[in-house]
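Residue numbers (the UniProt record's numbering), protein chains in the order written: chain A, 1 to 315; chain B, 1 to 135.
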């Protein structure tokens, strides 16, 4: 008996294709920041949860933004078109002020505000987040979840309208620009919230900066794109991205502040590969075996160092 | 991945991003907002506009075939010009570019007469007054 073919409704099929398309950048950036690292400070379940939280946040964000758009349409229909961006060319001061109002006080405020709330609650209560670098990973994953769901909605509209030429262009544009923007703003927020959570003395100033910095960058980035200055928008994005990349390699962010959900009285520095190798070598040196043949222990110690460091330079 | 390779990759990536930014500027019309209904009414007109001449801007009617009254406006830095009143469903209207409009950048806007909402707009370049204005 031949199985009957499964026919999906057009809307569902388009939704699936759009989701798969938007998942591509997410997988790429997730690999870059998390999957390729051998020493992962957070379990995969936390990253998956952060990704899901980021995706879920899109719904209230869209709901609030649509609401603001409707209110603007009722209050001042003659200026409501500024919500979607500026009318070009820029001729009067309102051509820049009203899109700025939309980007800074509606879009950036709603999106960054929701992300801030979610991350702040999570990091305060989490038992797994024990170092500032974990905040960066959670921030990046939330940003990726957000951009993935946002991209899905975007691609779905284009696929539905059979606008394939625009789809190809928009795909690469959103792959690079929009996804990177969400990752950068959210990652910076994650680091600053984690700093605020773990720092005893400057907690409040870190928490304030954690909202203000991503909010300002997001507002400015959107505004510059909205007024047709894509190059300047990218120039705003690049320093944010470079900051995030430099933080990825900053050993200070790897200091461990918590254990089993409780703050440590004395912060622990993470184990460096060199220290790990030395500890292993010393263990061999102190071995009760071959106590009367110290040269054997010595050779074993050297081998232990070479193996632990995993580097061929010392051979 | 060694340090030099990483830095090289980062520099290339940043230059690539700058290239994408330049591409966005060159192409134009890129929107970032997804939650706003796409602009289904596209207003088109032959550009640049020569004052004194007649042109016919057109707009796509699409699904919105309402019978509402619309107005074509020419917005400049100094002044707004009301060019013509018509019905949206006609999808176009013949206008004469005013002679007193200053040369330079301007916007042609399709405005709903009831709410004064901007339905669509397009950037245009205004030339110095032509022979039709001198006559």
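In this text, a Cβ means the ideal position worked out from N, Cα and C, and glycines have one as well.
Check, Outcome
"Return the first residue and the last residue of the beta strand (DSSP E) that residue 267 (chain A) is part of.", "262-268"
"Using a Cβ-Cβ distance cut-off of 7 Å, determine whether residue 24 (chain B) contacts chain A.", "yes"
"Look up residue 139 (chain B) in the DSSP assignment and give the residues it is bridged to.", "Coverage of chain B is limited to positions 1 through 135, which leaves residue 139 (chain B) absent and any answer about it impossible."
"Helix, strand or coil, according to DSSP, for residue 212 (chain A) in the structure here?", "helix"
"Mind checking if residue 77 (chain B) is an interface residue toward chain A, Cβ cutoff 7 Å exclusive?", "yes"
"So who's on the other strand from residue 259 (chain A), going by DSSP bridges?", "A:262"
"To be precise: take each residue of the stretch 83-116 of chain B, compare its Cβ to all Cβ atoms of chain A, and keep it if any distance is under 7 Å. Which residues remain?", "105, 107, 115 and 116"
"So with Cβ pairs under 7 Å, would you call residue 77 (chain A) a contact of chain B?", "yes"
"Which chain A residues are close to residue 70 (chain B), counting only those with a beta carbon under 9 Å from its beta carbon?", "Simply none; closest approach about 13 Å."
"In whole angstroms, give me the CA-to-CA distance for residue 203 (chain A) and residue 197 (chain A).", "6 Å"
"Please classify residue 55 (chain B): does DSSP put it in a helix, a strand, or coil?", "strand"
"Got a sec? Which residues, its chain only, sit under 6 Å from residue 48 (chain A) by beta carbon, not counting five neighbours each side?", "none"
"Exposed or buried, which one is residue 253 (chain A) when buried takes at least 16 other CB atoms within 10 Å?", "buried"
"What separation, rounded to the nearest whole angstrom, lies between the Cα atoms of residue 91 (chain B) and residue 247 (chain A)?", "55 Å"
"Taking the alpha carbon of residue 249 (chain A) as the reference point, which residue from A:150, A:259 and A:134 has its own alpha carbon closest?", "A:134"
"So, with DSSP's three-state summary, where would you put residue 130 (chain A)?", "coil"
"Hey, residue 91 (chain A) and residue 77 (chain B): beta-carbon distance below 7 Å or not?", "yes"
"By the 8 Å beta-carbon criterion, what residues does the stretch 91-105 of chain A contribute toward chain B?", "91 and 92"
"In chain order, what residues of the stretch 229-262 of chain A put their CB closer than 9 Å to some CB of chain B?", "229, 230, 231, 232, 233, 234, 235, 237, 238, 241, 242, 245 and 249"
"Could you tell me the boundaries of the alpha helix (DSSP H) in which residue 109 (chain A) lies?", "109-125"
"Give the interface partners of residue 10 (chain B) over in chain A, defined as CB-CB distance under 8 Å, in chain order.", "242 and 245"
"To the nearest angstrom, report how far apart residue 243 (chain A) and residue 74 (chain B) are at their CA atoms.", "45 Å"
"Can you give the Cα-Cα distance for residue 34 (chain B) and residue 103 (chain A), rounded to whole angstroms?", "Because the pLDDT at residue 34 (chain B) is just 47, under 50, the model does not fix this residue reliably, and the value given afterwards should be weighed accordingly. One C-alpha to the other measures close to 13 Å."
"Beta carbons nearer than 8 Å to chain B: which residues of the stretch 14-46 of chain A have them?", "none"
"So which residues of chain B does residue 186 (chain A) contact, with C-beta pairs closer than 9 Å?", "Those within 9 Å of residue 186 (chain A) in chain B number zero; the least Cβ separation is about 16 Å."
"Could you check how far apart the C-beta atoms of residue 68 (chain A) and residue 215 (chain A) are, in whole angstroms? I think they sit under 8 Å.", "Contact flag wrong, Cβ pair sits at about 16 Å."
"Checking contacts by CB at 7 Å: is residue 18 (chain B) closer than that to chain A?", "yes"
"Could you work out which residues of chain B lie near residue 177 (chain A), taking near to mean beta carbons separated by less than 7 Å?", "20"
"Name, in chain order, the residues that DSSP records as bridge partners for residue 82 (chain A).", "Paired residues: none, contrary to the question."
"Show which residues of chain A have a CB atom less than 7 Å away from the CB atom of residue 14 (chain B).", "238"
"Can you tell me whether residue 29 (chain A) is buried or exposed, with buried defined as 16 or more other CB within 10 angstroms of its CB?", "buried"
"CB residue 211 (chain A) to CB residue 116 (chain A), shorter than 7 Å?", "yes"
"When the Cα of residue 136 (chain A) is compared with those of A:111, A:76 and A:41, which residue comes out closest?", "A:41"
"In whole angstroms, give me the CA-to-CA distance for residue 177 (chain A) and residue 85 (chain B).", "41 Å"
"Residue 6 (chain B) to residue 293 (chain A), Cα distance in whole Å?", "45 Å"
"What is the DSSP secondary structure of residue 80 (chain B), counted as helix, strand or coil?", "strand"
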